[in-house]
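K.L.:
Right, I'll just put the structure down here and ask away after.
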Amino acid sequence: SKAGTPNTSCLYSATMDEVEIEPLTLKTELRHALPRGELLLQYQPQVDLRTEQVIGVEALVRWNHPALGILAPGKFITIAEETGLIIPIGEWVLTTACLQNKAWQAAGLRPIKTAVNFSAKQLELTDIVDRVQGILTKTGVEPSTVELEITEASLISNIGRCKTVMKELRALGVKLSIDDFGTGYSSLSYLSELPFDILKLDAAFVRPLQQAGSSLPCFVVAHAIVDLAHALNMTVVAEAVETQEQLACLRRMDCDQMQGYLYSRPVGPDEIARLLRPMVSE
Ligand code: C2E
Ligand code: CA
Ligand code: CA
Ligand code: CA
9 SKAGTPNTSC LYSATMDEVE IEPLTLKTEL RHALPRGELL LQYQPQVDLR
59 TEQVIGVEAL VRWNHPALGI LAPGKFITIA EETGLIIPIG EWVLTTACLQ
109 NKAWQAAGLR PIKTAVNFSA KQLELTDIVD RVQGILTKTG VEPSTVELEI
159 TEASLISNIG RCKTVMKELR ALGVKLSIDD FGTGYSSLSY LSELPFDILK
209 LDAAFVRPLQ QAGSSLPCFV VAHAIVDLAH ALNMTVVAEA VETQEQLACL
259 RRMDCDQMQG YLYSRPVGPD EIARLLRPMV SE
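Okay, structure coming up:
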């Protein structure tokens, strides 16, 4: 800023990076974010550990706030859930991600799957299956290329109802992932009761895999989760893979897929298209 000129016109100072400071302002503004076209999706590649090809992406929402710039979901998803805005936002995310998947295919790129985060609030809607079906139909996406990521924390309410809804969602042809696996309290019972196709190994299990020692407790625990998931016919995607050491460990425990900064940060649609183009090798 200019010397001697206090920046009084700026509503948000550089240090106001916590949502807690202006929750009312953000709450009001978030209501306008969707109609004003301020939300956008970035896509993080998911890589098959055997073929080393990009086989999917996870769609991650961002808010291009007029004053604050690009906000990560940590700054606004909680507000969206508390206000109910997560319902229209979640439907916009699913619709946009499905259309993007179709656009990549229409551009002649190799077909990939698209994973979308699904909020507990969405899962609780009585007509959620109809809503998802409506989006699949409207976008014309191939349902088997769509994955809904559900966190353990969303499942605490009514396990019987969750099971029914999940079976109906699967009947539409979409895949279901258990996200942030291992961070909740009932992980193992959910695995045996609910029909998941994919297990996302949380960063908490990936982070400590720094040395290549197979006898280390962190390796043994992660390996056991991978084996358990495979015994239940689930695919395992490791999250937040940042180092070659972690990747080497995950390969040794026969993990199926990875996503993380080691391969790529979440990026825009054009960058995904570039990664999928056949001439470009990894
Ligand atoms: P998540 O589903 O666990 O998504 C993965 C998060 O890890 C993303 O953060 C991603 O950018 C970050 N990440 C990816 N690779 C690495 C890595 O190598 N190291 C580290 N340290 N982090 C990595 P992001 O984009 O900030 O999203 C945070 C959370 O917000 C997501 O966690 C998800 O729970 C939620 N979220 C994002 N988009 C949506 C959405 O459209 N709807 C809903 N309901 N939640 C969303
Ligand atoms: Ca996720
Ligand atoms: Ca996750
Ligand atoms: Ca996480």
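Numbered by my numbering, the letters in the sequence shown go through residues 9 to 290 in order.
C-beta: ideal position from N, C-alpha, C; glycine also.
Leaving aside the five residues before and after alanine 105 along the sequence, list all residues of the same chain whose C-beta is less than 7 Å from its C-beta, in chain order.
P.N.:
On the sequence shown, residue 105 is found 97 positions in, with the first residue counted as 1. If we look at alanine 105 and ignore the five residues flanking it on each side, its Cβ neighbours are Leu49, Ala67, Thr122, Val124.
K.L.:
Where DSSP assigns a beta bridge to isoleucine 158, which residues make up the other side?
P.N.:
In the sequence shown, counting from the first residue as 1, residue 158 sits at position 150. Isoleucine 158 is bridged to Phe126, Ile186.
K.L.:
Classify alanine 114 as buried or exposed, calling it buried when 16 or more other Cβ atoms lie within 10 Å of its own Cβ.
P.N.:
On the sequence shown, position 106 is the one that residue 114 refers to. Burial call: exposed.
K.L.:
So, helix, strand or coil for valine 275, using DSSP?
P.N.:
Within the sequence shown, residue 275 is the residue found at index 267, counting from 1. Residue state, collapsed to three classes: strand.
K.L.:
Taking the C-alpha atoms as reference points, what is the distance between leucine 283 and valine 69?
P.N.:
Here residue 283 corresponds to residue number 275 of the sequence shown, with the count starting at 1. Here residue 69 corresponds to residue number 61 of the sequence shown, with the count starting at 1. Approximately 20 Å, taken between the alpha carbons.
K.L.:
When DSSP builds the beta bridges, which residues end up paired with aspartate 56?
P.N.:
Start at 1 with the first residue of the sequence shown, and residue 56 comes out as number 48. Gln265.
K.L.:
Cβ-heavy atom distance between threonine 103 and ligand 1 below 8 Å?
P.N.:
Position 95 of the sequence shown, counted from the first residue, corresponds to residue 103. Threonine 103 Cβ: outside cutoff for every heavy atom of ligand 1.
K.L.:
Grouping DSSP H, G and I as helix and E and B as strand, with all else coil, what is valine 149?
P.N.:
If you number the sequence shown from 1, residue 149 lands on position 141. In the structure shown, valine 149 sits in coil (DSSP, three-state: anything other than H, G, I, E or B).
K.L.:
Express the C-alpha separation of isoleucine 95 and aspartate 135 in angstroms, rounding to a whole number.
P.N.:
For the purposes of this step, residue 135 is taken as the residue at position 127 of the sequence shown. For the purposes of this step, residue 95 is taken as the residue at position 87 of the sequence shown. The straight-line gap from Cα to Cα measures roughly 12 Å.
K.L.:
What residues are listed by DSSP as bridge partners for alanine 246?
P.N.:
As a working note, residue 246 is residue 238 in the sequence shown. Leu209, Met266.
K.L.:
How many angstroms separate the CA atom of glycine 148 from the CA atom of threonine 103?
P.N.:
Here residue 148 refers to the residue found at position 140 of the sequence shown. Here residue 103 refers to the residue found at position 95 of the sequence shown. Going by the C-alpha atoms only, they are around 10 Å apart.
K.L.:
Quick check: the segment 50-67 against the segment 267-282, are at least 3 beta-carbon pairs closer than 8 Å?
P.N.:
Touching, per the Cβ criterion.
K.L.:
What residues in its chain sit with their C-beta under 7 Å from that of glycine 192, if we drop five residues either side in the sequence?
P.N.:
As a working mapping, residue 192 is identified with position 184 in the sequence shown. Around glycine 192: Glu160, Ala161.
K.L.:
Please list, in chain order, all residues with a C-beta atom less than 5 Å from at least one heavy atom of ligand 2.
P.N.:
Those residues, listed in chain order, are Asn125, Glu157, Asp187.
K.L.:
Glutamate 5 bridges to which residues according to DSSP?
P.N.:
This structure cannot settle anything about residue 5, because the visible part of the chain is limited to 9 through 290.
K.L.:
Taking the CB atoms as reference points, tell me whether valine 275 and proline 53 lie closer together than 9 Å.
P.N.:
Residue 275 sits at position 267 when you count from the first residue of the sequence shown. Residue 53 sits at position 45 when you count from the first residue of the sequence shown. It is a contact, given that the beta carbons lie within the stated cut-off.
K.L.:
How about lysine 129 and glycine 168: are their beta carbons less than 9 Å apart?
P.N.:
The residue you call residue 129 lines up with position 121 of the sequence shown. The residue you call residue 168 lines up with position 160 of the sequence shown. No; because the gap between Cβ atoms is not below 9 Å, this pair is not in contact.
K.L.:
My understanding is that leucine 133 touches leucine 180, with C-beta atoms under 8 Å, so please give their C-beta distance in whole angstroms.
P.N.:
Taking the first residue of the sequence shown as 1, we reach residue 133 at position 125. Taking the first residue of the sequence shown as 1, we reach residue 180 at position 172. Actually they are not in contact, since the Cβ atoms of leucine 133 and leucine 180 sit about 15 Å apart, beyond 8 Å.
K.L.:
Please confirm if the segment 200-210 is in contact with the segment 225-237, defined as three or more CB-CB distances below 8 Å between the two stretches.
P.N.:
Yes: at least three Cβ pairs fall under 8 Å.
K.L.:
For arginine 70, name the three-state secondary structure that DSSP assigns.
P.N.:
Translated into the one-based positions of the sequence shown, residue 70 becomes position 62. DSSP places arginine 70 in strand when its eight states are reduced to three.
K.L.:
Within 8 Å: the Cβ of aspartate 210 and any heavy atom of ligand 3?
P.N.:
Start at 1 with the first residue of the sequence shown, and residue 210 comes out as number 202. Yes; taking the cut-off as 8 Å, the Cβ of aspartate 210 has a heavy atom of ligand 3 nearer than that.
K.L.:
Alpha carbon to alpha carbon, how far is glutamate 46 from alanine 88?
P.N.:
Counted from its first residue, the sequence shown places residue 46 at position 38. Counted from its first residue, the sequence shown places residue 88 at position 80. Approximately 14 Å, taken between the alpha carbons.
K.L.:
In terms of residues, what are the limits of the alpha helix (DSSP H) holding isoleucine 233?
P.N.:
As a first step, residue 233 must be located in the sequence shown, where it is residue number 225. Where isoleucine 233 is concerned, the enclosing alpha helix (DSSP H) stretches over 225-239.
K.L.:
If contacts are defined as beta-carbon pairs under 8 Å, then glutamate 247 and aspartate 278 qualify, I think. What distance do you get, rounded to the angstrom?
P.N.:
To locate residue 247, count along the sequence shown from 1; it is residue 239. To locate residue 278, count along the sequence shown from 1; it is residue 270. At roughly 24 Å, the Cβ-Cβ gap does not stay under 8 Å, so glutamate 247 and aspartate 278 are not in contact.
K.L.:
So what does DSSP say about serine 9, is it helix, strand or coil?
P.N.:
To locate residue 9, count along the sequence shown from 1; it is residue 1. Its pLDDT being 37, under 50, serine 9 is placed unreliably by the model, and nothing is read from it.
K.L.:
Please classify aspartate 188 as buried or exposed, where buried requires at least 16 other C-beta atoms within 10 Å of its C-beta.
P.N.:
By 1-based counting over the sequence shown, the position of residue 188 is 180. By the neighbour-count rule (16 or more Cβ atoms within 10 Å), aspartate 188 is buried.
K.L.:
Go ahead and pull the three-state DSSP assignment for isoleucine 63.
P.N.:
Within the sequence shown, residue 63 is the residue found at index 55, counting from 1. DSSP places isoleucine 63 in strand when its eight states are reduced to three.
K.L.:
Is any heavy atom in ligand 3 found nearer than 8 Å to the beta carbon of glutamate 155?
P.N.:
As a first step, residue 155 is located in the sequence shown; it is residue number 147 there, counting from the start. Flag unset: Cβ of glutamate 155 not near ligand 3.
K.L.:
Whole-angstrom Cβ separation of leucine 298 and leucine 177, contact assumed at under 8 Å?
P.N.:
No answer is possible for residue 298: the residues shown for the chain start at 9 and end at 290.
K.L.:
Grouping DSSP H, G and I as helix and E and B as strand, with all else coil, what is glycine 45?
P.N.:
Numbered from its first residue, the sequence shown carries residue 45 at position 37. Here glycine 45 sits in coil by DSSP.
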